[in-house]
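A.B. asks: Mapping the sequence shown onto the working numbering, position 31 (from 1) lands on 31, and the numbers just tick up by one.
Please see the structure below; I have some questions.
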Amino acid sequence: MKTFAPQVFTLLLFGFVFISCSQESNDLEFEQTNKIEVTEINYSEFESKILDLINNHRTSIGLSTLSKSNIVSSVAEDHTNYMIENGKVNHDNFQNRVRALKEQEKAISVGENIAFGYRSAEGVVNGWLNSEGHKEIIETSDYTHFGISTKSDSDGKNYFTNIFIKK
């Protein structure tokens, strides 16, 4: 008798680890202000490499490069910290990030890619490009800016939040 439990488990794990999210501006109403505390962002070599790889991919398919945004990276950092604190990869509170970016960065649309566990910039970017939803966000021609946060938990596992916006 053949069981499919390992394959089902792998499929479910892949679905949870690779999740993308996007929001167009037309569906939101604002009732509160979400102030973003922006500190000076010092991109790590790892984060800079991810952003460079994404921009290299975009130019290779005829799209414009994206500009780094300290505000977007601050929002990404807050979410990465949240995922580490909760020990799970998620898009919890995505609408709050969208509201904050629309209010403070004048974003028209917002997309978000998250990941967990990768040890190299090439690995996480290739993982996103091999996932239809993540690739779609990376290849959205309207995006103008992006931000990134990569941090490790106490066990050394990497968490990633990559946010894209159109201004």
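We put the CB at the ideal spot given by N, CA and C, even for glycine.
For clarity, every value in this text was computed on a predicted model and none was experimentally measured.
Would you identify the three-state DSSP class for His91, choosing helix, strand or coil?
C.D. replies: It is coil, neither helix nor strand.
A.B. asks: Report the three-state DSSP secondary structure of Lys151 (helix, strand or coil).
C.D. replies: Strand.
A.B. asks: In the DSSP output, what is Ile255 paired with across the bridge?
C.D. replies: Past the boundaries of the shown model lies residue 255; the chain is included only from 1 to 167, so the question cannot be answered.
A.B. asks: Let's test the definition: count the other Cβ atoms within 10 Å of the Cβ of Thr161 and tell me whether it reaches 16, buried, or not, exposed.
C.D. replies: Flag for Thr161 reads buried.
A.B. asks: Between which two residues does the alpha helix (DSSP H) containing Arg58 stretch?
C.D. replies: Looking at the DSSP string, the run of the alpha helix (DSSP H) that includes Arg58 is 45-60.
A.B. asks: Roughly how many angstroms separate the alpha carbons of Leu63 and Lys167, rounded to a whole number?
C.D. replies: Distance between the alpha carbons of Leu63 and Lys167: 16 Å.
A.B. asks: Report yes if the CB atom of His145 is closer than 8 Å to the CB atom of Val98, and no otherwise.
C.D. replies: Cβ distance not < 8 Å, so His145 and Val98 don't count as in contact.
A.B. asks: Contact defined as beta carbons within less than 8 Å: I believe Ile84 pairs with Lys151. What is the distance between those atoms, to the nearest angstrom?
C.D. replies: That belief holds up - the Cβ atoms of Ile84 and Lys151 are roughly 6 Å apart, short of 8 Å.
A.B. asks: Among residues of its own chain, excluding the 5 on either side of Asn86, which ones have a beta-carbon nearer than 8 Å to its beta-carbon?
C.D. replies: Excluding residues within five positions, the ones whose Cβ falls inside 8 Å are Asp92.
A.B. asks: Does DSSP put Asn130 in a helix, in a strand, or in coil?
C.D. replies: It is coil, neither helix nor strand.
A.B. asks: Nearest-angstrom Cα distance between Ile163 and Leu66?
C.D. replies: Rounded to the nearest angstrom, the two C-alpha atoms are 11 Å apart.
A.B. asks: Can you tell me whether Lys135 is helix, strand or coil according to DSSP?
C.D. replies: Note: Lys135 maps to helix in three-state DSSP.
A.B. asks: Could you check what DSSP says for Lys102 in three-state terms: helix, strand or coil?
C.D. replies: Lys102: helix per DSSP, three-state reduction.
A.B. asks: Could you tell me if Ser44 is buried or exposed, where buried requires 16 or more neighbouring beta carbons within 10 angstroms of its beta carbon?
C.D. replies: It is exposed - the Cβ of Ser44 has fewer than 16 other Cβ atoms within 10 Å.
A.B. asks: Tell me the DSSP secondary structure of Asn42 in three-state form.
C.D. replies: Asn42 falls in the coil class under three-state DSSP.
A.B. asks: Where do the ends of the alpha helix (DSSP H) carrying Ala76 lie?
C.D. replies: Taken as a continuous stretch (DSSP letters only), the alpha helix (DSSP H) holding Ala76 covers 70-86.
A.B. asks: What separation, rounded to the nearest whole angstrom, lies between the Cα atoms of Ile165 and Asp155?
C.D. replies: Roughly 31 Å separates the two Cα atoms.
A.B. asks: Taking the CB atoms as reference points, tell me whether Ile137 and Gly117 lie closer together than 8 Å.
C.D. replies: Result no, Cβ atoms of Ile137 and Gly117 do not sit closer than 8 Å.
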